[in-house]
Amino acid sequence: METNTTEEQKVLPILQIAWTRYAHLASTARKRTATFYSIRRWILALGVIATLFAILTETFFSDSTSLLGLVLKVVFVATPVLASVLAAFSSKFYANGHWLVYRSGAEEIKKEIYIYRTILQQNLQARKYLEKRLGEIQRSLYQTLSGEFAYEPYNGPIPPNYNPEDPHSDPGYNDLTGEEYFKYRVEEQLDWHNRSILRHKRERRQMTLFILFAGGLGSVFAAWGGPLSIWVAFTAAITSALIGWQELRNLDKSIGNYSKVVMELTILYDHWINLEPEERTTPEFYKMVRACENILWSQNQEYIKSMQEALKEADLDEETSLINNVIRESVESTKRTHQGMRDAVVEVTRDALAEAEEKIIEEYEKTLGNLAEEASSELVQQELEAMQKAVAETAQAVMARASSITSSLQEIVSDFAHVDIGRDTPKEELNTILSRFPKTSEVKG
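Using this note's numbering, the letters of the sequence shown correspond one by one to residues 104 to 548.
What follows is the structure, encoded as structure tokens:
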């Protein structure tokens, strides 16, 4: 950002901050206003173009299979879809008129800047006051914008619109005298609103002529009849688009609003001019400042209110219905597809599980039947008898071994009954007793 300065003026940080905030908000408001009107122009134009292609297709390419006819039909089908997409986008991001909020914030900051440089120029608390007001304005913007507040990049001069070559251009930083405020603020705003009224009147007059011409041409086509009668639809589309644009521009209310400002500022202008130099006192100066800022702020509020009403009246519900219905049907179709896929997986899984259950039960029953048959076969019976015989022989061997061990132990007890086994028993006697016990290998047999 460039900061415009002169040798005579001192750049105060608080004023540079205020002008920077004003520049950001004003720039954002202008950009978004231009984008909004550009989108709405395209929507209206596409409506007219769709009607034109419909007539051309019906008149010249209804039964044609040429490449040109195919292209024309594709464009004819795509045009209303594109218009509906733009309408849906505009309704989503521009229907609430948020750029008006940015403009309101910018104008309120500008008002506080001029109050700081005039009425508060001798007030020791002026810097704190302006800083506080900047914070309050930004918090108000944040709340009004539903928490979606951000500054967009701005690389222009600070203050904006200052032209060092123009003696009527405000440098933006120095304290103002009554004459300077009158020149930079009252005269400048009076001239701007006068030019705006003339521009709006010229636009309104042109729009009215276009509407009347389109309507008259449609009447001529209708009266002529024959092949030209179908072109009545085209002139009707043009008329409808022009009327819609005129309503969106809200020219009548804007002219009335600006005219009121011109009247009030003219009265203020005449009063200051009528004062003698000695009558242009500080109280008169402050009175002019308060009156001018109140007039401009009231005009700003009225403008925003009237534009918000115009936005409500010029809604795009009909234009967005096409793409909204397509999106809604697409979402519902996707849901149905996903549900069908889930149902198919469940159905296949259910069938697979049922088949698996049937096979397992069948195999179990088959195995159980085979087991009974095998158990009753001669071979199995012979194996069972052999197993029983082996078990009996093993049991007899174990019992014989156990009886032998018992006898050996009884003999040891009998032969060594006279020996008193204790800590004083001779080692040789103990070894003899231990040698009589059966060996491990003998016990295991």
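We put the beta carbon where it would ideally sit given N, CA and C, even for glycine.
Out of the options, which has the shortest C-alpha to C-alpha gap to residue i?
i: V365; options: W327, V184, C395; result: C395
i: D273; options: R220, V516, A317; result: R220
i: S332; options: F519, A126, I158; result: I158
i: I300; options: Y287, F252, N360, E268; result: N360
i: D278; options: W145, I218, K363; result: I218
i: R143; options: A457, W348, Q225; result: W348
i: T138; options: L173, A190, A121; result: A190
i: V184; options: L149, T369, L371; result: L149
i: P260; options: R124, T470, E458, M410; result: R124
i: M410; options: S243, K356, L170, P386; result: K356
i: G275; options: K113, K469, R453; result: K113
i: R352; options: R305, D373, E468; result: R305
i: P386; options: S141, Y254, L171, I222; result: I222
i: K363; options: I346, L399, G329; result: L399
i: L118; options: A459, M502, Q309, R230; result: R230
i: E211; options: A500, A336, S243; result: S243
i: T280; options: P267, Q225, F252; result: Q225
Does residue i pass the burial test, meaning 16 or more other C-beta atoms within 10 Å, or should it be called exposed?
i: S538; result: exposed
i: P263; result: buried
i: N377; result: exposed
i: V323; result: exposed
i: L533; result: exposed
i: P116; result: exposed
i: H303; result: buried
i: E422; result: Because the pLDDT of E422 is 47, which lies under 50, any placement of that residue in the model is unreliable, and the number read from its coordinates should be weighed accordingly. Flag for E422 reads buried.
i: F388; result: buried
i: T535; result: exposed
i: F285; result: buried
i: V516; result: exposed
i: K530; result: exposed
i: V174; result: exposed
i: T338; result: buried
i: T182; result: buried
i: H296; result: buried
i: A610; result: What is shown of the chain runs 104 to 548, which leaves residue 610 out entirely.
i: N397; result: exposed
i: Q402; result: buried
i: E215; result: buried
i: G208; result: buried
i: E367; result: buried
i: E350; result: exposed
i: I370; result: exposed
i: K213; result: buried
i: W122; result: buried
i: S571; result: As shown, the chain starts at 104 and ends at 548. That puts residue 571 outside it, with no answer to give.
i: M391; result: buried
i: R135; result: buried
i: E334; result: Sequence inspection shows Trp at residue 334; the Glu mentioned does not correspond to that position. By the 10 Å Cβ count, W334 comes out buried.
i: A186; result: buried
CB of residue i to nearest heavy atom of the ligand SAH: below 6 Å?
i: Y232; result: Judged by which ligands are present, the structure shown has none, so any question about the ligand SAH falls away.
Could you check where the alpha helix (DSSP H) with residue i kicks off and where it finishes?
i: F156; result: 116-163
i: T221; result: Taken as a continuous stretch (DSSP letters only), T221 belongs to no alpha helix (DSSP H), as it is neither H nor E.
i: K113; result: Neither: K113 is in no alpha helix (DSSP H) and is coded neither H nor E.
i: T528; result: Note, T528: premise wrong, no alpha helix (DSSP H); not H, not E.
i: L233; result: 229-247
#### Entry: Cβ contact (3+ pairs, closer than 8 Å) linking the region 198-217 and the region 370-388
no
#### Entry: Stretch-stretch touch, CB-based, cutoff 8 Å, three pairs: the region 314-323 with the region 337-349
yes
### Query
Looking at C-beta atoms only, is the number of pairs between the region 175-182 and the region 126-134 that lie closer than 8 Å three or more?
no
#### Entry: the region 274-293 in contact with the region 148-164 per 3-pair CB rule at 8 Å
no
### Runs of beta strand (DSSP E) lying entirely within the region 257-290, each at least 3 residues, in chain order
none
### Query
What alpha helix (DSSP H) runs, 4 residues minimum, are completely inside the region 322-405?
335-352, 354-377
### Query
Mind pulling the beta strand (DSSP E) runs of 3 or more residues that sit fully within the region 289-319?
none
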